[in-house]
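Novice:
Number of protein chains: 2
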Amino acid sequence: MLGKDEGTELMRTIASHVRKGAMAYLRQQYKVVTIVFIVLAVVFAVMAYFHLQNGIVWFAFLTGGFFSGLAGFFGMKTATYASARTANAARQSLNAGLQVAFRSGAVMGLTVVGLALLDIAGWFLILDGTGLLEWVHAVTDQADQSEKLIVITTTMLTFGMGASTQALFARVGGGIYTKAADVGADLVGKTEYNIPEDDPRNPATIADNVGDNVGDVAGMGADLYESYAGSILATMALGAAAFAGSAVEGMQLKAVLAPSLIAACGVLLSIIGIYLVKTKEGAGMKELLRALSIGTNTAAVLIAGVTFAIFAWLFGTETDQWWQVSLSVVVGLLAGVIIGQSTEYYTSQSYKPTQKVSESSQTGPATVIISGLGLGMLSTAIPVITVGVAIILAYLCANGFDVNYTAQNLSMGLYGIGIAAVGMLSTLGITLATDAYGPIADNAGGNAEMSGLPAEVRQRTDALDALGNTTAATGKGFAIGSAALTALALLASYIEEIKIALIRTGEALPNGIEAAKATLVDFMNAYNVNLMNPIVLVGIFIGSMMAFLFCGLTMNAVGRAAQKMVEEVRRQFRTIKGILEGKADPDYARCVEISTRGAQHEMLLPSILAIVVPILTGLVLGVAGVLGLLIGGLATGFVLAVFMANAGGAWDNAKKYVEEGHFGGKGSDCHKATVVGDTVGDPFKDTSGPSLNILIKLMSMVSIVMAGLTVTCHLL
Amino acid sequence: MLGKDEGTELMRTIASHVRKGAMAYLRQQYKVVTIVFIVLAVVFAVMAYFHLQNGIVWFAFLTGGFFSGLAGFFGMKTATYASARTANAARQSLNAGLQVAFRSGAVMGLTVVGLALLDIAGWFLILDGTGLLEWVHAVTDQADQSEKLIVITTTMLTFGMGASTQALFARVGGGIYTKAADVGADLVGKTEYNIPEDDPRNPATIADNVGDNVGDVAGMGADLYESYAGSILATMALGAAAFAGSAVEGMQLKAVLAPSLIAACGVLLSIIGIYLVKTKEGAGMKELLRALSIGTNTAAVLIAGVTFAIFAWLFGTETDQWWQVSLSVVVGLLAGVIIGQSTEYYTSQSYKPTQKVSESSQTGPATVIISGLGLGMLSTAIPVITVGVAIILAYLCANGFDVNYTAQNLSMGLYGIGIAAVGMLSTLGITLATDAYGPIADNAGGNAEMSGLPAEVRQRTDALDALGNTTAATGKGFAIGSAALTALALLASYIEEIKIALIRTGEALPNGIEAAKATLVDFMNAYNVNLMNPIVLVGIFIGSMMAFLFCGLTMNAVGRAAQKMVEEVRRQFRTIKGILEGKADPDYARCVEISTRGAQHEMLLPSILAIVVPILTGLVLGVAGVLGLLIGGLATGFVLAVFMANAGGAWDNAKKYVEEGHFGGKGSDCHKATVVGDTVGDPFKDTSGPSLNILIKLMSMVSIVMAGLTVTCHLL
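Protein chains in written order, with this note's numbering: chain W, 22 to 737; chain H, 22 to 737.
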């Protein structure tokens, strides 16, 4: 990718401006996040000192955060180097542009998954192969391999908490940054002064393009890294628990390693898919989407085949288990494909729903908003039902189609659900490529506009950008779908941690059953984690509320930051003479600074809330309340996230549809109305919505890490 | 109220137009609803024939629907007669206007609660005093009084299903009608032609004013009737279950009658509160709000006192139970007050949050939308936490502060939660008055404008109207808060019905425990209704999704109906010559017709979905899935409803705040931006949002009525 030409002098300058701005922001963000990480690590170290945790948690937490940050950093490096090159390639042809953008996205996708697998494998080897766990007394010297594997896998989940924390800051901070800049640029530039998007006369353009990189690329990289690592780690823990009593030698270890193996093969097969993505000049949106889905679907089919081979090899073909568990992976893959298709249907301007949003612009901005919100809400049905069916199918496949709710069936079934999540994310190498590709195309368009390249180049990058809106929504669908599948696994891990904490303190369950011998079902009954328990209900209410509260905080943060940006842009238009005629340069740096400060300032409260609320819930309501909180947050967060991602994607493309010449085209009243929709959609799809899946998992991870505290002290 | 003068000739004509339109619509709606009721009654009769239900259900269902419809009808009669009189009284003074509007609202409030109590008492006397239950073999001749009371109270819940079904149609149909007209009138009139609200030149004005009556009055009347009856009926059922084994003679009957007694006293004490509401000329919003809250809070304090007396008399003062249960009522009352205050804070233009929404209009409509959505989301925190705390406190108070989760504690605790819901709604006589008063004031404003009354009259009705927006949001807060409290009671009733169905078919629980002897906790364990059961999780997902899907359907329905209205209004402005100069009359009737047809057409799908989905869930997922569905729908629906009601209220008042002269006042760009917010808020606060609490309860009621079917056949 770096071998491609970056284009004219002006293109180089602009790209370097964006690159510098992005790096400057990232440095700032990492500074703040580092402080948070150090504080939390100290808390964990103190907890370990009081035997509320084992002594590796604090360190595993730090490495998880570090690698997640690294994934975002590499992603952004790639993206900022790719945009000018994409614009330059788009000067030749649409296909050349697509290929540069898409392969650059692929570089990022592969980096993210590679880093995750590296980190997981490394930690596993260290914990399993060295005496580290014995040294910090996390396991006794007499512990057998089965016990040790359970401790290893639950410890590794704290590495997931590091990744989640980092991802939340990246998504929220980056999201606020990018949307403050975007909304600010659009509101004054497009709406008030009628100058085109990415026009160099607009002082917020550079900040807008920097934002695409820090929010949509670095944020998304950290996010999907977290999803990917999270689902693998949680499934490893489930495997350790489900096969703990297996009579077959080494079966437990095999079950623990299977998710990583599937994921690793997924990376390799994704590369094949990536090479299949190409298009012809003048291709419409449908052809572009088809080009991408050929790549993704090929990768999915290949992975399904390989999965059967992996399990046949690991589990042997004597029993039916190998193909039953493999079917669970296929269920996850299929669910991913359906969610992808549904997202495409609801957010691409090639289909009715988004076109209807465009049509409603004839009656003004209010109906654009109403119809977009309506569309987003309706679009939740297919993904939720798909995930619901996938959960039940994956569960039944893995436990041999036995509908009886026994402890053994439950463990195996949960492993099946976890492995389905791994299956859904196994194509991440390529789906992340399609996702990361979006902001690259967007930036390429910005670069083309600002460098004054011919109109057909901008047309090509616009086509790529519109495609990017849909693929980004698809990527978010994957992230939230896999989060919903992983969530049950995390609940099981929470129970496992409660068990370890009870064993550590020598306590029995509330109903007297010995902790070491208790099954998941015993735990549910002992802690009354049923739906008629008011504490569970209150937990669920708080969880649901958390999803909304979090979105409200981030939406308002964007609103506030955007308002400051609007005032600054207006000020520049007013006070800098000749700016509108292109005779004087706007003060880009000031806008970049405003976005950076806004993001730094606003990202703290929602992120810290996500950490504090599960801890408080545990201290007041105990185990049943925490489980309620997690389920409530999951259910509402899942649906809310799909709603926000799809509504946002649809608004953006509804605007693009009008820009293509429908209902009066660019500059018409209809166009203005859809710009309002697009602006509202910005925080929906790039700040609040995509943060929700991280929120869900971070709350689970925090609960897991704090399980020891919850067992020792709670009010009810 | 009818003794007051209706004003000038023109005022009378306009009022009679509105009255006729409203009645015509209501006739249409009742026609459609009657068909649905007959179909459902036949289904129930068939189910009774196959012993899946007792033989009174179908008839109780019909009467519930009938009385709920009657409550709406009377409410609308009152409101349509009151608006011109309010406008006329406002010609004298603000206080005179307030009093006519408020007392007319009170007539409606008292009618609703009176009808509910009449129906409940009547049914109870018939079922308890006659041999009807024995005659249809719902109870055997040998049944003791304790068993019989349980059957009576659960049978009476189906009367609640009738009320819920009627209420859902009234809310959704009326909501679509009113908002199609409102959005249509605003979009073309205010935004495109810059003519004031309720201007007689606007063809959609009459439809708009009719809409206020059919949606906000008839719809709300049916809605609150349903909430009121639902909470009393559910608590009666809980009382029958909790005190079934009481050693004290007649204790169970007393516990069953207590909720109705509290409610009846609440009605009487509300009247005192109603007489305390008055204001001075030139009063600001804060004074007006204070005038109302003096009335409401006095009623609340009086009811709290009387409750202690009631329970001391019923339960005797030998044990602590009388004051413990009374405390639960106080908890409910307090929770209601806090929810009311919080709603006021978030939706009244006297406070910061709504003013900030107005302020954000300086950067255009997009930021108005973003900040309104943000405000709505943040505003969910206080009500949810309040209800959460209330649930736990009411639970603990009623079972004597015993945190152990035993079957007996659970039953008593649930009774406490139910009685807290009754407490929250016991001030309904007056809170409904404040709520019903809103649309009366709105219509009075319309009448004043169309009749060309002097500007100060319109100013006075505007002040009353702005107050109405906040009180309406408060009313919705009560409806949804009580729904959240009642929901657990309905879950318990569902289990009770499952039990009755099992006893009828002679089956035991899945784990072998005899159904007749099983406690609630046994049921939870036997059906594995715990949070680690994938079926429960899938149910919760579907429930959450239902809340969004339902809102999406109703939002889109409003969008579609409004679009037709916009086209019609534009057509009339274009084709009828002299309409803008006031020389030619617009075709009001055509607009009324379009709204009516739109509402009839669009209300069916969402309403039927609410009935079909719980049945399907029961058939596929069984008992655990249904309970998941209900909890998921409750949790997400609760938060979503608060969000929508408050965001909608805030947008409306943010517009009013600008109209008061801030940020440029009427006609400025800021005003236009807030009109967009107001328009988006219309379906939020008057269609989708307030339907959610009915949806939640209707799904529970349907599940209860269909429990027999779920026990007999389900897939998983």
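Where is the CB? At the ideal position from N, CA and C, for every residue including glycine. No experiment lies behind these values; they were computed from the predicted model shown.
My parser needs the alpha helix (DSSP H) runs of 4 or more residues fully inside the stretch 211-269 of chain H; what are they?
Specialist: For the stretch 211-269 of chain H, whole alpha helix (DSSP H) runs of length 4 or above, ordered along the chain, are 226-232, 241-263.
Novice: Considering only C-alpha positions, which residue in the set Leu154/H, Arg48/H, Gly473/H, Leu552/H is nearest to Pro221/H?
Specialist: Reading the second sequence from its first residue, position 200 is the one you call residue 221/H. Closest by alpha carbon: Gly473/H.
Novice: Check whether chain H comes within 8 Å of Ala728/W, counting only Cβ atoms and requiring the distance to be less than that.
Specialist: As a position in the first sequence, residue 728/W is number 707, starting the count at 1. No, its Cβ sits nowhere closer than 8 Å to a Cβ of chain H.
Novice: Is the separation between the beta-carbon of Phe664/H and that of Phe569/W shorter than 8 Å?
Specialist: By 1-based counting over the second sequence, the position of residue 664/H is 643. By 1-based counting over the first sequence, the position of residue 569/W is 548. Yes, the Cβ-Cβ distance between Phe664/H and Phe569/W is below 8 Å.
Novice: So, is Pro404/W buried or exposed, given that buried needs 16 or more other C-beta atoms within 10 angstroms?
Specialist: As a first step, residue 404/W is located in the first sequence; it is residue number 383 there, counting from the start. Pro404/W should be labelled buried.
Novice: DSSP on Asn425/H, reduced to helix/strand/coil?
Specialist: Working through the second sequence from its first residue, we reach residue 425/H at position 404. Reduced to three states, the DSSP call for Asn425/H is coil.
Novice: Name the chain H residues that come within less than 7 Å of Ala402/W, Cβ to Cβ?
Specialist: The count along the first sequence starts at 1 and reaches residue 402/W at position 381. Here the neighbours are Met566, Leu570.
Novice: Assuming the contact rule is C-beta atoms closer than 8 Å, Leu245/H and Ala500/H should be a hit. Round their C-beta distance to whole Å, please.
Specialist: To locate residue 245/H, count along the second sequence from 1; it is residue 224. To locate residue 500/H, count along the second sequence from 1; it is residue 479. Sure, about 6 Å apart at Cβ, within 8 Å.
Novice: Nearest by alpha-carbon distance to Val410/H: which of Gly240/W, Leu651/W, Leu488/W, Thr638/W is it?
Specialist: Counted from its first residue, the second sequence places residue 410/H at position 389. The shortest Cα separation from Val410/H among Gly240/W, Leu651/W, Leu488/W, Thr638/W belongs to Thr638/W.
Novice: Rounded to a whole number of angstroms, what is the C-alpha to C-alpha distance between Leu83/H and Trp156/H?
Specialist: As a first step, residue 83/H is located in the second sequence; it is residue number 62 there, counting from the start. As a first step, residue 156/H is located in the second sequence; it is residue number 135 there, counting from the start. Roughly 19 Å between the two C-alpha positions.
Novice: Looking at C-alpha atoms only, which residue of Phe58/H, Ala111/H, Phe71/H is the closest neighbour of Met32/H?
Specialist: As a working note, residue 32/H is residue 11 in the second sequence. For Met32/H, the nearest C-alpha among the options comes from Ala111/H.
Novice: Can you name the residues that DSSP bridges to Asn318/W?
Specialist: As a first step, residue 318/W is located in the first sequence; it is residue number 297 there, counting from the start. Answer is none; Asn318/W lacks a bridge partner.
Novice: Taking C-beta pairs closer than 7 Å, name the residues in chain W that Ser381/H reaches, listed in chain order.
Specialist: In the second sequence, residue 381/H corresponds to position 360, counting from 1. Here the neighbours are Gly580, Gln584.
Novice: Which residues share a DSSP beta bridge with Asn551/W?
Specialist: Walking along the first sequence from the start, residue 551/W turns up at place 530. DSSP lists Asn551/H as partners of Asn551/W.
Novice: For Thr448/H, name the three-state secondary structure that DSSP assigns.
Specialist: Taking the second sequence and counting its residues from 1, one reaches residue 448/H at position 427. Here Thr448/H sits in coil by DSSP.
Novice: Compute the Euclidean distance between the alpha carbons of Asn464/W and Gln370/W, then round it to the nearest angstrom.
Specialist: Taking the first residue of the first sequence as position 1, residue 464/W is located at position 443. Taking the first residue of the first sequence as position 1, residue 370/W is located at position 349. Each residue's alpha carbon lies about 21 Å from the other.
Novice: Using 8 Å as the limit for Cβ to Cβ distance, is Gly385/H near chain W?
Specialist: In the second sequence, residue 385/H corresponds to position 364, counting from 1. Yes - at least one Cβ of chain W is within 8 Å of the one on Gly385/H.
Novice: Cα-Cα, which of Asp26/H, Glu302/H, Gly183/H is closest to Phe87/H?
Specialist: Within the second sequence, residue 87/H is the residue found at index 66, counting from 1. When only C-alpha atoms are compared, the closest one is Gly183/H.
Novice: Mind checking the stretch 507-528 of chain H against chain W and listing, in chain order, the residues whose C-beta falls within less than 9 Å of any C-beta there?
Specialist: If the cut-off is 9 Å between Cβ atoms, the stretch 507-528 of chain H has Ala508, Leu509, Leu512, Ala513, Ile516 near chain W.
Novice: Listed from N- to C-terminal order along the chain, which residues in the stretch 548-565 of chain H have their beta-carbon within a distance smaller than 8 Å of any beta-carbon of chain W?
Specialist: Under the 8 Å Cβ criterion, the stretch 548-565 of chain H contributes Asn549, Val550, Asn551, Leu552, Met553, Asn554, Pro555, Ile556, Val557, Leu558, Val559, Ile561, Phe562, Ile563, Gly564, Ser565.
Novice: According to DSSP, is Glu741/W part of a helix, a strand, or is it coil?
Specialist: For residue 741/W there is no data in the structure shown, the boundaries of chain W being 22 and 737.
Novice: Taking only beta-carbon atoms, is Thr388/H less than 8 Å away from chain W?
Specialist: In the second sequence, the residue the question calls residue 388/H occupies position 367. At least one chain W Cβ lies under 8 Å of Thr388/H.
Novice: For the stretch 624-649 of chain H, which segments carrying the alpha helix (DSSP H) assignment without a break, of at least 4 residues, lie completely within its bounds, in sequence order?
Specialist: Within the stretch 624-649 of chain H, no complete alpha helix (DSSP H) run reaches 4 residues.
Novice: Against chain W, does Ile227/H count as a neighbour if the rule is that its beta carbon must be under 8 Å from one of theirs?
Specialist: As a working mapping, residue 227/H is identified with position 206 in the second sequence. No, Ile227/H does not count as interfacial toward chain W.
Novice: Closest to Ala276/H by C-alpha separation, out of Ala262/H, Ala285/H, Glu218/H, Val288/H, would be which residue?
Specialist: The residue given as residue 276/H occupies position 255 in the second sequence. Nearest of Ala262/H, Ala285/H, Glu218/H, Val288/H to Ala276/H, Cα basis: Ala262/H.
Novice: For a contact defined as C-beta to C-beta under 7 Å, what are the partners of Tyr416/H on chain W?
Specialist: Sequence index remark: in the second sequence, residue 416/H carries index 395 (1-based). Those within 7 Å of Tyr416/H in chain W are Pro555.
Novice: Do the stretch 175-190 of chain H and the stretch 721-732 of chain H make contact, defined as three or more Cβ pairs closer than 8 Å?
Specialist: Touching, per the Cβ criterion.
Novice: Pairs of beta-carbons, one from the stretch 228-237 of chain H and one from the stretch 188-207 of chain H, closer than 8 Å: are there three or more?
Specialist: Short answer: they touch.
Novice: Give the straight-line distance between the Cα atoms of Ala332/H and Leu282/H, rounded to the nearest whole angstrom.
Specialist: The residue given as residue 332/H occupies position 311 in the second sequence. The residue given as residue 282/H occupies position 261 in the second sequence. Note on identity: in this sequence residue 332/H is Phe, with Ala being the wrong assignment. Going from the Cα of Phe332/H to the Cα of Leu282/H covers about 10 Å.
Novice: Straight-line CA distance for Ala529/H to Ala522/H?
Specialist: Counting from one through the second sequence, the residue named residue 529/H turns up at place 508. Counting from one through the second sequence, the residue named residue 522/H turns up at place 501. C-alpha separation (whole angstroms): 10 Å.
Novice: Relative to the C-alpha of Gly710/H, which residue among Leu737/H, Gly573/H, Ile632/H, Gly305/H is closest?
Specialist: Taking the first residue of the second sequence as position 1, residue 710/H is located at position 689. When each option's Cα is compared against that of Gly710/H, the closest is Gly573/H.
Novice: Ends of the alpha helix (DSSP H) at Val57/W?
Specialist: Here residue 57/W refers to the residue found at position 36 when the first sequence is read from its first residue. Start and end: 30-70.
Novice: Would you please state the rounded distance, in angstroms, between the beta carbons of Thr452/H and Thr495/H? I believe it to be under 8 Å.
Specialist: The residue you call residue 452/H lines up with position 431 of the second sequence. The residue you call residue 495/H lines up with position 474 of the second sequence. Indeed, because the Cβ distance is near 7 Å, the residues count as touching under 8 Å.
Novice: Pairing CB atoms from the stretch 680-696 of chain W with CB atoms from the stretch 594-608 of chain W, are three or more of them under 8 Å?
Specialist: The stretch 680-696 of chain W vs the stretch 594-608 of chain W: no contact.
Novice: Since Met129/W contacts Ala457/W with CB under 8 Å, what's their CB separation in whole angstroms?
Specialist: Position 108 of the first sequence, counted from the first residue, corresponds to residue 129/W. Position 436 of the first sequence, counted from the first residue, corresponds to residue 457/W. So it is a contact: roughly 4 Å between Cβ atoms.
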